[in-house]
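Under this note's numbering, the first residue of the sequence shown carries the number 268, and numbering increases by one thereafter.
Backbone N, C-alpha and C fix where the C-beta goes; we use that ideal spot for every residue, glycine too.
Please read all numbers here as calculations on a predicted model, not as lab measurements.
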Amino acid sequence: MNQQLEAAEEMLKKMANENPIDARIQMALGAIHAMRGEKEAALMRGKQAIALYPLDKNKITAQRVHIDFAKIYLRLGMKDECIDVLETLRDKPLRMEVGVLKTDKVWEPVRSHPAYRAIID
């Protein structure tokens with residue numbers, strides 16, 4: 268798994284150098300750091316991605332970026348912060364993201380939280 272993460276990270280770093288304003292690349296790098304437990308690096312990348320795609324910029328892409336940032340918090344064991352991010356999406360039309368939120372096992376630690384339930388129900 269570590270070799271796969273390293274290979275993915277190298278590829279993403281190359282992509283980030285070519286397109287530093289692609290929030291999806293920044294978020295993917297943040298996810299890799301979170302999987303390794305590298306809290307500061309993961310949060311830095313996630314915050315960069317959020318800054319590139321605030322919710323009022325491009326609603327669909329921004330919502331996905333915010334959901335991915337919530338996953339980073341969750342992978343780092345930061346449930347309250349995860350819920351805070353999800354609460355910013357409560358009144359947004361999430362469309363297909365709701366299906367992912369309902370089925371992805373990564374959300375298990377917060378599945379019973381009222382804010383999570385309000386988003387998916």
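Start-to-end residues for the alpha helix (DSSP H) that takes in residue i
i, result
"Thr328", "Lys326 to Arg342"
"Tyr383", "Pro381 to Ile387"
"Arg291", "Ala290 to Met302"
"Met278", "Asn269 to Glu285"
Within 9 Å, strictly: CB atoms of residue i and residue j
i, j, result
"His333", "Val352", "yes"
"Leu368", "Leu322", "no"
"Gly297", "Gln315", "yes"
"Ala309", "Leu343", "yes"
"Ile387", "Val365", "yes"
"Glu276", "Ile299", "yes"
Identity of the residue in the options nearest residue i by Cα
i, options, result
"Arg312", "Asp335, Thr328, Asn325 and Ile327", "Asp335"
"Ala318", "Asp371, Arg291 and Glu285", "Arg291"
"Asp371", "Lys359, Ala275 and Ala337", "Ala337"
"Asn325", "Val373, Pro360 and Glu276", "Pro360"
Same chain, Cβ closer than 8 Å to residue i, neighbours up to 5 away in sequence not counted
i, result
"Val377", "Leu341, Lys346, Cys349, Ile350, Leu353 and Tyr383"
"Ala385", "Arg357"
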